[in-house]
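Have a look at the structure below before the remarks.
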Amino acid sequence: MEQIPVYSFTGFLDSGKTKFIQETLEDPRFNAGERTLLLVFEEGEEEFDLSKYPHKNVYPEYLDAETVTPDQLDALQKKYKAERVVVELNGMQQVGDVYQRFPEYWGIAQEVMFADSTTFLTYNANMRNLVMDKLIGAELVVFNRMTPGQDVMPLHKIARAANRNIDILYDYTDGTTSYDTIEDPLPFDINAPIIEIKDEDFALWYRDVSEDPKKYEGKTVRFKGQVAMLRRNKNDMFAPGRFVMTCCEADIEFCGIPCRYENPKSLTPRSWVMVTAKVSAETHALYQGDVGPILTAISVEKDVPAAQPDVASF
52 MEQIPVYSFT
62 GFLDSGKTKF
72 IQETLEDPRF
82 NAGERTLLLV
92 FEEGEEEFDL
102 SKYPHKNVYP
112 EYLDAETVTP
122 DQLDALQKKY
132 KAERVVVELN
142 GMQQVGDVYQ
152 RFPEYWGIAQ
162 EVMFADSTTF
172 LTYNANMRNL
182 VMDKLIGAEL
192 VVFNRMTPGQ
202 DVMPLHKIAR
212 AANRNIDILY
222 DYTDGTTSYD
232 TIEDPLPFDI
242 NAPIIEIKDE
252 DFALWYRDVS
262 EDPKKYEGKT
272 VRFKGQVAML
282 RRNKNDMFAP
292 GRFVMTCCEA
302 DIEFCGIPCR
312 YENPKSLTPR
322 SWVMVTAKVS
332 AETHALYQGD
342 VGPILTAISV
352 EKDVPAAQPD
362 VASF
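Yeah, the sequence shown ends on 365 if you go by the working numbering, and it's all consecutive.
What follows is the structure in structure tokens.
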């Protein structure tokens, strides 16, 4: 079955999602007559005005993200013969939980987050897990209701801590907009003969090498990690890594990288090691068919002191 592209818009209530979707569907460059299923999982003060669209084949459906099923969405797509789907998500729900309810032939073509700059820092302080959830998968975050001259650095730091590749657009109350142009230098030298990864920089390096493994192709890295064994390739590989906290204690997970090593059975699981290894970009079962970082050990120092802190964070 042909894949249906999904354009997803996330953010908290009254963050500007509905207004942006309305304006987008009014634009003939985006709405050139494609049959569009408009899914609304959150009803705010603004409503969609279908009379302003250049074409009348936009079909809104107001649904509950906690009860909707793949079969229900599949039936709606077939009912309207939709060629694409535009989704307004509820900010109080995890994005991934909603995506799991999509039919398998629906694919996310673009995800944009909207944030009210006057309330964003409060949301981040009190509901950081929900904020990070939306930033991590977004290609673009739009901070609106910005005051001209407002300091953008607090917003920039939070967005880029969650997602180094995210584009940031500031929408000001005087009608102007500007893209974020602040560069975030890495805290380690990727052109050094050996890239030394400090304990406090592991999470950042892990994300960077995972997002762009080809950037590290042929380079040598040195870092401290814990030993994890692999179910596959267990005779010639292990996965050194760290427990990483993305946003809160409930979001801690182990982040390891497959590493070729001549005698992985000599290593003790969960013990700390200092790994010096060459990086390559290859496919592996852990990456589900995609290309990811693979290490080839040059040396593995055993029984080294634990990293400080032992749980890495961004």
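C-beta atoms are modelled at their ideal positions from N, C-alpha and C, and glycine is treated no differently.
Being a predicted model, the structure only gives us computed values, none of them experimental.
Can you find the residues in the same chain that come closer than 7 Å, C-beta to C-beta, to residue i, ignoring five residues on each side of it along the sequence?
i    : result
Q145 : D184
A290 : A279, L281, G307, I308, P309, C310
M288 : L281, P309, C310, R311, Y312, P315
A357 : W323
D250 : K275, A358, Q359
G340 : T334
So, for residue i: in the same chain, excluding its five sequence neighbours on each side, which residues have a beta-carbon less than 8 Å away from its beta-carbon?
i    : result
N242 : none
T224 : R196, M197, T198, P199
E98  : T69
T87  : L76, N108, V109, Y110, A133, E134, R135, V136, V137
A189 : T61, E162, V163, M164, N214, I217
L101 : K107, V109, P111
T227 : P199
P121 : R152, F153, P154, E155
Judging by CA-CA distance, which residue of the options is the nearest neighbour of residue i?
i    : options                : result
K70  : T334, M164, E268       : M164
G343 : S261, Y110, G276       : S261
A328 : A363, Y156, E352       : E352
S317 : F294, N286, E139       : N286
D269 : I349, T227, R215, E234 : According to the sequence shown, residue 269 is Gly rather than Asp. Among I349, T227, R215, E234, the Cα nearest to that of G269 belongs to I349.
D235 : Y221, M204, N177       : M204
Q375 : L89, E85, F63          : Nothing in the structure corresponds to residue 375, since the chain is present only between 52 and 365.
L337 : V326, F305, D354, M325 : F305
F171 : H207, Q128, D122       : H207
Y58  : I303, K266, L140       : L140
A166 : Y257, I248, L181       : L181
E5   : T227, Q201, E53, R179  : This structure gives no information on residue 5, because the portion of the chain shown stretches from 52 to 365.
Y150 : K265, V362, I159       : I159
M325 : Y267, I248, M296       : I248
G67  : Q123, K129, G142       : G142
Quickly, what does DSSP pair residue i with across the bridge? List them, please.
i    : result
I246 : V272
I217 : DSSP output for I217 lists no bridge partner at all.
R293 : C306
A254 : Note: A254 sits in no beta bridge, so no partner.
Y58  : V137, Q161
K353 : V324
Y150 : DSSP, once it has assigned bridges, lists no residue as partnering Y150.
Y110 : L88
Y267 : None, per the DSSP bridge assignment.
For residue i, name the three-state secondary structure that DSSP assigns.
i    : result
Q144 : coil
R311 : strand
M178 : coil
L281 : coil
V342 : strand
D100 : coil
V193 : strand
D259 : helix
S331 : strand
A83  : coil
A116 : coil
M358 : Note on residue identity: the sequence assigns Ala, not Met, to residue 358. Three-state result, A358: coil.
List the whole-angstrom C-beta distance separating residue i from residue j, where the pair is believed to meet the contact cut-off of C-beta under 8 Å.
i    : j    : result
G95  : D125 : That belief does not hold up - the Cβ atoms of G95 and D125 are roughly 27 Å apart, past 8 Å.
V119 : R152 : 5 Å
I55  : A116 : That pair is no contact at about 18 Å.
F194 : S168 : 5 Å
F239 : R293 : The pair is not a contact, with the Cβ atoms about 15 Å apart (cut-off 8 Å).
R273 : I245 : 5 Å
I345 : S331 : 5 Å
F63  : Y174 : 6 Å
V295 : Y267 : So it is not a contact: roughly 18 Å between Cβ atoms.
Ordered along the chain, which non-local residues of its own chain (more than five positions away) have a Cβ less than 6 Å from that of residue i?
i    : result
I219 : V192, A210, D231
I187 : A213, N214
P105 : P79, N82
K103 : E77
E85  : E134, R135
E333 : I345
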